[in-house]
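So for the sequence shown, my numbering puts the first residue at 1; every next one is plus one.
Cβ atoms here follow ideal geometry from the backbone N, Cα and C, with glycine treated the same way.
Keep in mind that this is a model prediction, so the values were computed, not measured.
Below you'll find the structure, written out as structure tokens, and then a few comments.
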Amino acid sequence: MLAPVVFFCIKQTTLPRSWCLRMVDNPWFEHVSMLVILLNCVTLGMFQPCEDLKCQSEWCIILQAFDDFIFAFFAGEMVIKMIALGIFGSKCYLGDTWNRLDFFIVMAGIVEYALDGHSGSLSAIRIVRVLRPLRAINRVPSMRILVTLLLDTLPMLGNVLLLCFFVFFIFGIVGVQLWAGLLRNRCFMPDDVKTLYNLSFMSPYYMNGDSEDNPFICSSIKENGMLRCSEVPPLKYGVECTLNASPPGHAYSGLDGSSNSSCVNWNQYYNVCKAGELNPHKGAVNFDNIGYAWIAIFQVITLEGWVDIMYYVMDAHSFYSFIYFILLIIVGSCFMINLCLVVIATQFSETKQSKNQLSKDCTFARYSEPGYCYDMIRSYISFLYCTVKCHASRIFNGWQSKCRKTMNPNSVPSGGAGSSGGGANDHSRHRGGRHLVGSIHNLIQQHQGQHCHLSNGSPSPVASTGHNLSSRTQSVHSIYQGHSRVLLQIAGVVPSQLLPELLSCQYCTRALENLDLELGDSDHSSLEGDVVYEFSHGAEFKPSPAPHHEILEERNRLAQYWEDFRKRLSRLVESKYFNRGIMIAILINTLSMGIEYHDQPQELTHILEISNIVFTSMFVLEMLFKLLAFGTFGYIKNPYNIFDGIIVVISVWEIIGQADGGLSVLRTFRLLRVLKLVRFLPALRRQLVVLKKSIDKVAAFCMLLMIYIFTFSILGMHLFGCKFSMKTEDGDTIPDRKNFDSLLWAIVTVFQILTQEDWNVVLYNGMASTSPWAALYFVALMSFGNYVLFNLLVAILVEGFQAEGDANRSDADEEKRSLNFEEEEKMGELRDTELMSANGHADPRDTLPPPIIMRTAATPMPTPKSSLGPESASGLTESRRGSGISTDQKHLDLKSLSFCLRLKRTLEAYKPKWCKDHEDWSLYLFSPQNKFRMICQRLISHKMFDHVVLVFIFLNCITIALERPTIQQPERMFLSISNYVFTVIFVAEMTVKVVALGFCSGKHSYLQSTWNVLDGVLVFVSLINILVSLASTGGNRILGILRVLRLLRTLRPLRVISRAPGLKLVVETLITSLRPIGNIVLICCAFFIVFGILGVQLFKGKFYHCEGADTKNITNMVECKDKGYTWIRRKYNFDNLGQALMSLFVLSCKDGWVNIMYDGLDAVGVNQQPVRNHNPWMLLYFISFLLIISLFVLNLFVGVLVENFHKCCQDQEEEEARMREEKRQKLLEKKRRKAQQRPYYADYSPARLYIHTLCTNHYLDLFITGIICINVVTMSIEHFNQPLYLEEALKYCNYVFTVIFTIEALLKLVAFGFRRFFKDRWNQLDLAIVLLSIMGITLEEMKMTAALPINPTIIRIMRVLRIARVLKLLKMATGMRALLDTVMQALPQVGNLGLLFMLLFFIYAALGVELFGKLECTDENPCEGLSRYSTFENFGFALLTLFRVWTGDNWNGIMKDTLRECDQAEDKNCVPYLPLVSPIYFVTFVLMAQFVMVNVVVAVLMKHLEQSNKNAKEDAEMDAEIETKMKMAQRVSNVSAGSSSEPEGRATYFGPRPDSPRQEAIKNDSSCKDSTPRTMLKDRQG
């Protein structure tokens, strides 16, 4: 209800308000408002930060005028809405959240105009303008729904945010306590040395190069860091300086080294490590205070540039500092950030399900069905076509008759009887046909306008029930049998979708019967012949008079021939051989497009052009065949055909354009042919249906993302426009490539930050060019964009997969009804033969009744119905029944099983009789009763057998980990002998198992288990390794085989899997996920191939550059080589499809993609020197790839794994539910007993009881929580170089807090007693905190008084341990504790996953040491990713490097370094096959670690969060049940106490406990006057 009166006087009928109400109700009001918002977006985007500072240009003045108009419109809109709706109230203007946003924006504009010219700090208010595009969200319903769903997740997201603050405070305070000021450490030169040798020209401290980009951070004497000042590299002036400085007055070589072959190494005098002025990266990275520590922690959690921070801390403090960073990544990135995703996905799914439940019976649910809208559009077009053709025919016939009359006005039908009869027949037939067509059109209009309203107002008078289906079928049959003429007429005029509906309407049926009586028998034969001919061409009825009977017969005969030809053509096109041939042609065409490469021979180019013409001709023929077979409307019925047709048209256009020498850009559209393969791969269709169903939400998400990026881009232009600059090698200052100088580059920079690539570099620039507060912009952009918006996209896809999974679970019921379904299909086929559709192509879609259309979105629809038109008949039934995945799996299993059985039976015939008789003998040597075999069986069934084998596997893993390239001879001997020993042990284990179980024959034989097969293969490889190493003579080939076998030896840890049950379950779960993961990989491959071939077309031969001293004026390869410089190809390029796919994989991982994009933008031409930002249009290629692949397709991995994990957990759900119910009953009984027991404090003295009441009081917990918060704030205030008075104040604050916590612990100890106090874990934590605090204070005082020599490290550790006080906050944060409980419940499964992670890391680390252990970084071979710590020289560093690769921080730089091409003759450590092996090594590791394993963690957390929510609801119900029962028992006891007269009996307590939820209400009761809580006792006789 609207407010009756607004502004105290204006009623709804008052003139200004009634006008305003009419304006607000008018839809054009919102449309105009939306247009103004779009105009505002345009004007905001035209802002030029480098030129419009003072707004004196004409362009800026025009924009300002537009801005004034837009503000006036927004203000006017606000006033109109306020007058119409009122201001305050639930239904008034400010009652709506979006209106409040509009109000805030308008108010900020008013303040801006009011202060214009009076205040210098106006920019902050002007920045509010950038919020104006957010007004568009409310105007687009789909976006508004999505944002509303997102807002529903905020309560749970608040708990995650609290957890984030918790983690940030803990790690931040620890970082400040440990490393405050350490990253300022530099190696300084002593002042006396500077003065003595007059070295004022040298830098005060040592610097790597001329900048602080790579600082030399040293470790002081009291620290245990990895880098000392003694490791400063020697000075270089062409040659390495080695001389020491001579005493003053002595001659020595000058700095130019002219008087000697060497020079003085002045760097050796940088030997004093102390704190300087600057921190790394322009002062942005440090732990000097809690704010900078939070920035560093946030950077570590985002996994971008975190290794640099870790290496700095390791250099300055200790090697073991890496533990802090790895813990932070595991807690922050693996759990906390994924918890954010899990919460959004779970809450989004629950909210969506509840909203779907409300709109479950909605009539318009069918509109969400895939393909429905397309079918409706196509039917409407078909109807329009028929109508237009009918009108055109009528106009033409009328014009023809007029012409005839004009030519011969006096002509009368004369002559023979035949001619006159023919003319009369012709005229009457013409008039009758026109009359019939007009009558049918009138009938359609009456049906749509009147008959529908007679049937409860629904659009269709037929409900989707079985009874109506049968009645409709009977109606059709009855009309056809009695009135075939009318039926043939209306089949040409009425659209196929409307025909069954028209025939089932009782009013229309009656009208058609009346209409049939008007047709004479003389018309029947001619009409039928004409109509059949016209129907075969997909047209409506067109009366075409034939003057002679012979012509009519000829036409009928031609129509019959044509119909037979089309039927045969249809069978050809629908045959599986035709489809397979087309699929093979597409594959060969893809291969022909993929073999193009840079510098290919001219002959290959000609061959590829000819092949393109051949394949284009084949696809043209395919299109023509389908058009002839199905007709135009039958062809476009399938959307895939439209897609094929567009590609064919573009391909033909391209060939014609090439002949004219133009249209080369259309070559890229050939690549879309690859996507045609999808229609031939049924396994992919389910994923495509999920994508199709989610496309509306994804489109809304994309709009939301565009608004978000646009808003932050405009804000970035106002904050950082024209402020990011960099110096070139020539000394010129140019804008940094990551800048906010224009709208285009601002959008690119914001998008780059959202992909997390090099966002830290933009952060450093922003903080250095403005102020450290600029970090808030980047943190807000990253936090909401990456961890909320992108997670919303994942939630949409996960919800799509779960909804599809729920639908597929109902497929089993549909399979049970397969018999009924087949009968329905037969009925449909019968109708197909009886009725011919408008396009002459019998299609089940047109003739099946509306129940198929009326299916809701929840109904399982694995493939789009529109894709079933010209497909094979066998595919129809299969696709109609379900997704086909489970069915395909069964067929696959049956096929493979039958193949194995056939093979076994074939071999069985050739088996000797003796072998058949001894099948149960192991190796045909040991009978089942053999003593040795029985001993082996007892041995392997012993519980210690697997444990002993596990111990040997772990020992073998240790020896594998000790392997490294630079191993000494004694250690090499030990490792070789241990290898022989372990091989013998594993051979013995295999032998025992084979003897006990049998080798291959028998149900439980050795080879029946996959894990045993794996063990056997590894043992076999070890034996070959030993044999080859013993027989080796030092030949290169033998050494190569040895290296391969040594690499295979690293797979031995896989044997652990079969012996760890939890690990085995995780691996089996992953193996069952391989099929759906494979489907996603296929979709990815299709897109990768398309973009890869397109990349080759665009960039082949263009990713080269000249490298030399001065390349400023060089334009091409010839000039570069003339100057003696080198023409180098970049490591990631698009010269052929293989290189392109490698570059695209790096792009998809979003690590290093920006540099590849810059190379693409700079590319000029083949053998041309790149020019900066030469072609900005190439941004479309890279950003579209990232949007499609990285943000959309790769997120399908999450959906697939979550759904599959839920499927795998379904088997355990029943058992878990039973166990939960048992646990619930036990808890219920325990709480009931506890509630009825006499309280432990009943016999307390008044003083102790008072203390007990105080300790159990809720307000004490609130007071302690407030004290802890204040304590956390005081701990956070500490910083580097803090003043002495602050240090003293913080010390006394610590004393106060320690006293408070001590008093609390003592009071609780008195109140609860010793035993009960230590039962509660929170009390244990309190006591530990008190003891640690007292110990820390004691040690500090002892150090101050110098009573004992105390190590400062111990003092620092004690100060760090104070952070444990923060943990007390968890006691009050119930929501956060629930989240942590979820994580704790998931830990067993996550632990198994962690074991699998460790196994993966172990194998790849051992492989990495073998492959890359000899790679070194030198001046000749500089490294982009490898460094002192990031190396494969030993197993420990290899693990740390792989952890870095897993986090995705510059892993592409590490892979670049391993792609080093070398000459074995020059370099002994050269491994020539590294360029081939390295991509396989890194790509497989990244795929398994980043895309699969991490998403399984998400699946586990999501499952447990859903379970946790369910348990929370059950617990709430249980508490309510106990509360109800207690109230009933108390009421009964009151009644009994009133009627009882005997005082003797047992005492039973029925009051609330002091720590119960109702305790507070009891305490505040007016009857409780004294301090002792009253208990209600009842005397009951025994």
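Cutoff 6 Å; reference residue i; Cβ partners in own chain excluding five residues on either side
{"i": "Thr-1441", "result": "Ser-1430"}
{"i": "Phe-1205", "result": "Ala-1499"}
{"i": "Tyr-1006", "result": "Lys-993, Val-994, Leu-997, Phe-999, Asn-1012"}
{"i": "Leu-1048", "result": "Val-1021"}
Coil, strand or helix - residue i by DSSP
{"i": "Ile-1303", "result": "helix"}
{"i": "Pro-735", "result": "strand"}
{"i": "Ser-922", "result": "strand"}
{"i": "Cys-20", "result": "helix"}
{"i": "Tyr-787", "result": "helix"}
{"i": "Glu-1433", "result": "coil"}
{"i": "Asn-1204", "result": "helix"}
{"i": "Ser-318", "result": "strand"}
{"i": "Asn-1421", "result": "coil"}
{"i": "Asn-289", "result": "coil"}
{"i": "Tyr-1587", "result": "Any answer about residue 1587 is impossible in this case: the structure gives the chain only from 1 up to 1582."}
{"i": "Pro-27", "result": "helix"}
{"i": "Cys-92", "result": "coil"}
{"i": "Arg-1238", "result": "coil"}
Paired residues, beta bridge with residue i - DSSP
{"i": "Lys-11", "result": "Val-5"}
{"i": "Asn-185", "result": "Ala-275"}
{"i": "Gln-1168", "result": "Asn-1116"}
{"i": "Thr-1126", "result": "Glu-1107"}
{"i": "Met-1342", "result": "DSSP output for Met-1342 lists no bridge partner at all."}
{"i": "Tyr-237", "result": "Val-239"}
{"i": "Met-726", "result": "Ile-734"}
{"i": "Asn-224", "result": "Ser-318"}
Proximity winner among the options, relative to residue i (alpha-carbon distances)
{"i": "Gly-581", "options": "Phe-615, Pro-601, Pro-1076", "result": "Phe-615"}
{"i": "Ser-33", "options": "Arg-135, Met-1488, Val-1296, Met-934", "result": "Arg-135"}
{"i": "Leu-704", "options": "Leu-792, Gln-687, Asp-758", "result": "Leu-792"}
{"i": "Glu-1433", "options": "Val-342, Glu-963, Tyr-597", "result": "Glu-963"}
{"i": "Val-147", "options": "Asp-1381, Thr-351, Asp-67", "result": "Thr-351"}
Cβ neighbours of residue i in the same chain (closer than 8 Å, five flanking residues each side left out)
{"i": "Cys-1120", "result": "Cys-1106, Gly-1108, Thr-1111, Ile-1114, Thr-1126, Trp-1127, Gln-1169"}
{"i": "Lys-1368", "result": "Ile-1264, Thr-1265, Ile-1268, Trp-1322, Leu-1325, Asp-1326, Ile-1329"}
{"i": "His-1174", "result": "Leu-1161, Asp-1162, Ala-1163, Val-1164"}
{"i": "Thr-755", "result": "Lys-1150, Trp-1153, Leu-1186, Ser-1190"}
{"i": "Tyr-93", "result": "Met-78, Lys-81, Met-82, Leu-85, Gly-86, Ile-87, Asn-99, Phe-103"}
Chain-order list of residues whose beta-carbon lies under 7 Å from that of residue i (same chain, five-residue window excluded)
{"i": "Ala-1512", "result": "Ala-1378"}
{"i": "Ala-84", "result": "Arg-17, Cys-20, Leu-21, Val-24"}
Residue i - containing alpha helix (DSSP H), residue span
{"i": "Asn-1155", "result": "1153–1162"}
{"i": "Ser-246", "result": "Per DSSP, Ser-246 belongs to no alpha helix (DSSP H) and is neither H nor E."}
{"i": "Asp-102", "result": "97–115"}
{"i": "Trp-266", "result": "Neither: Trp-266 is in no alpha helix (DSSP H) and is coded neither H nor E."}
{"i": "Tyr-1404", "result": "1374–1412"}
{"i": "Trp-59", "result": "58–85"}
{"i": "Pro-1061", "result": "1061–1072"}
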